[in-house]
Each structure stands twice: as C-alpha cells, then as structure tokens.
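Chemist:
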Ligand code: 8YV
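Residue numbers (my numbering): 23 to 350.
#1: What I want to know is whether the C-beta of residue 234 ends up closer than 7 Å to one or more non-hydrogen atoms of the ligand 8YV.
#2: Since residue 164 and residue 138 are thought to touch, with beta carbons under 8 Å apart, how far apart are those beta carbons, to the nearest angstrom?
#3: Give the range of the alpha helix (DSSP H) segment to which residue 247 is assigned.
#4: Beta-carbon separation of residue 281 and residue 273 under 8 Å?
#5: Following a CB-centred definition, is residue 74 positioned closer than 7 Å to any heavy atom of the ligand NAD?
#6: Is residue 109 buried or exposed, if buried means 16 or more other CB atoms sit within 10 Å of its CB?
#7: Residue 202 and residue 212 look like a contact to me (Cβ under 8 Å); what is the Cβ gap, rounded to whole Å?
#8: May I ask whether a heavy atom of the ligand 8YV can be found less than 7 Å away from the beta carbon of residue 351?
#9: Can you list, in chain order, the residues of its chain whose CB lies under 8 Å from that of residue 233, leaving out five sequence neighbours each side?
#10: Within 10 Å of its beta-carbon, does residue 180 have 16 or more other beta-carbons around it, so buried, or fewer, so exposed?
#11: Ignoring anything shorter than 3 residues, give me the beta strand (DSSP E) runs that lie fully in the segment 74 to 129, in order along the chain.
#12: As a quick exercise: from 79, 75 and 47, pick the residue whose alpha carbon is nearest that of residue 62.
#13: In terms of residues, what are the limits of the alpha helix (DSSP H) holding residue 271?
#14: Buried or exposed: residue 53, going by 16 or more other Cβ atoms within 10 Å of its Cβ?
#15: Do residue 107 and residue 84 count as a contact pair if the criterion is CB distance below 8 Å?
#16: Please determine if the segment 310 to 321 and the segment 32 to 46 are in contact, where contact requires at least 3 C-beta pairs separated by less than 8 Å.
#17: Out of 194, 58 and 122, which has the shortest C-alpha to C-alpha gap to residue 310?
#18: Which residue spans inside the segment 27 to 76 form an unbroken alpha helix (DSSP H) run of at least 4?
#19: What are the partner residues of residue 197, as DSSP defines its beta bridges?
#20: By the 10 Å Cβ neighbour count, where 16 or more other Cβ atoms means buried, how is residue 115 classified, buried or exposed?
#21: Cα separation between residue 275 and residue 286?
#22: Starting from the Cα of residue 170, find the closest Cα among 178, 148, 184 and 155 and give me that residue.
#23: I need the boundaries of the beta strand (DSSP E) containing residue 254, first residue and last residue.
#24: Considering only heavy atoms of the ligand 8YV, does any lie closer than 7 Å to the CB of residue 309?
#25: Can residue 292 be considered in contact with the ligand 8YV, in the sense that its beta carbon sits closer than 7 Å to one or more heavy atoms?
#26: Thinking C-alpha only, which one of 298, 341 and 131 is nearest residue 255?
#27: Provide the residue span of the beta strand (DSSP E) that contains residue 303, from first to last.
#28: Apply the 10 Å Cβ neighbour rule to residue 266 and answer buried if 16 or more other Cβ atoms are within range, or exposed otherwise.
Shown next as structure tokens:
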C-alpha cells in the first residue's frame, strides 16, 4: 500500500498531482488552517505530512499519531515544530531553506523603502483624494542611501538583505551569534556588533532571525527605547520577535519613526493599534510569496517527504539524531 500523506493547506495543483503519483493524499485545498483538533484527527492514520508554519507539531499531537514518520514544513522557519518531541517519536522533520532567501530579502527591502519613503501612507492619502498639488514639504521621508542598516540575524536571508543594502551604499552593521565569513564582511563593509549597540546606531533595523523561546520579544520596550528617533524597524522574521504592544506604543508616540512589518504576534490577527497608525507599512506574511519561489518551496518540501518515506535521508533534515537512530 502506498504511504498515506496529509497536505494541510492549499498547494499548487501540479504539486498535488505529483504527490498523488506516489502517495495516498488527503488534501485541504480550502486554504482554511486546520484547528489543532482537526490536525490530530486527520494525522492519526498518516505516514507523512506536508505542513506549513501554522501547523503545530508537538508532543501531544505526536502521541496520537503512531504511524507518522515525517513532517515536512513548507517554510524555512520551523518554530512550529518541537524537534526534540519529533526525535523522541521517531518523526523526521524538514524545512525548505535557501530557495526563498532572495525573495524574502526583496520583501524586506520593499518594506524598508516603503516605510522610509512613506509609500503606503502616501498612496492611501492620494486615493482618499487629499492631493491638491505639489508642496515642498509634502510626505517628506528618509534617505535610504548612505544610511546605516542594522541586520539582526545574519543567516542566508540576512546576507541577501545586506547585499541589497550594499547596492544602496548603506553602511551595514549586524548582530549574529557567530561571525559572518570575513570575505563577506569585507565585500559588503559589514561589521558585527552587540545588539544594543546596533539598536543605538542603526537608522534601519531589520529582523531576519528565527523565532524561539530565546528570541521571544527580543525587541521589547527597553530595546525600542535604545533606537534612534529617526529609526525604522523592519520584521520579516517571525511574529513574537517583537513585543507588538510595545512597538505600537513606540510608533504612536514617535519614539521611533516607523516600521515595515510582514509578520505579527498571533497572526493572522494583528494588534489593532497598527491599523490606526500611518507610520507603519503592513504586509500579510508574504515574504516568500512569488509563484517561482513557492513552486521551489513546494518542490523542496515534496522531495523531503518522498525521501523520508522511501528510506532516503531527506536533503533538509532538521533532526539528524532521528536518522542516526534509525540506522542503528
Ligand atoms: C512560509 C515563512 O510561507 O518560510 C518561512 O519561514 O515564513 C514563509 O515562507 C510560511 O511560514 C507558511 O509556511
């Protein structure tokens, strides 16, 4: 019998058709995120799952899914998966790194530019019929070129953002656990600094790091208080990295100048305060949302699933211990 697989959210039909050639697939093309109870019910008799960052795979779920061998995220971030619990239950966990780096960096830059040059605010104002003529001091924004960008999280996406910033003649500082390759630092003129120094120096702060209990509310009221008054915060990492209530307050009181956000605590709900503010550009978690990139993410996730369910080591294995254990 072919392995049974659950695909938790809508995927491109061609990818679904491809999966159906190998697996008995239960799909959810409705685009409605499954509730935890529904996920438990539907996964109970499955061998594998192609999931998104909104599906929580944890110990309590895994206890009810004895057949499950692989959970393959259609995302690079994997804070939705409890890796030690997956390992304890012999479940392979995978993600989709690399293929979305440039696309996500493009969106980070779009948000940075939008917030700096007040693009979404200006468009709303124009559509509302307020434009009565050119004025010298109309919609004055901030220069991006030659400003200082502070990147928090210098992984592959952070580096792709840095390459774009270099093209805008920005000064680049970054904060990361480890140091980026020296050649990269040299080529981009990037310097590693402590987080608090970065926040006090940068005109633009861009978050491109994973979310975990350790990075929960990394940017809180205290750290927002360290930022320059002209500073703009961009988050393409994850909701939860920022204390959204504290950010709303910092934006409302102009403690910082603006923000560009793609991710939110508790999304798709977002803090109502953001909606009332003009100095924040908002997008609905579309960092990797181009057809080409989503096709590639789908292909990578499918390859991980196929490998995991046919006894091959998946290319993007997140818990190698589970693999070593199987081979013993
Ligand atoms: C996903 C993302 O589309 O890859 C990630 O980590 O945030 C997005 O690219 C989203 O998480 C849904 O899985």
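Don't be surprised by glycine CBs; every beta carbon is placed ideally from N, CA and C.
Modeler: Judging by the given coordinates:
#1: no
#2: 5 Å
#3: 243 to 248
#4: yes
#5: Among the ligands present in this structure, namely the ligand 8YV, the ligand NAD is not found.
#6: buried
#7: 7 Å
#8: Because residue 351 is not part of the residues shown, which for the chain are 23 to 350, the question remains open.
#9: 99, 101, 259, 260, 261, 262 and 263
#10: buried
#11: 92 to 95 and 114 to 116
#12: 79
#13: 266 to 274
#14: exposed
#15: yes
#16: yes
#17: 122
#18: 35 to 42 and 58 to 65
#19: 174
#20: buried
#21: 20 Å
#22: 184
#23: 254 to 257
#24: yes
#25: no
#26: 131
#27: 302 to 304
#28: buried
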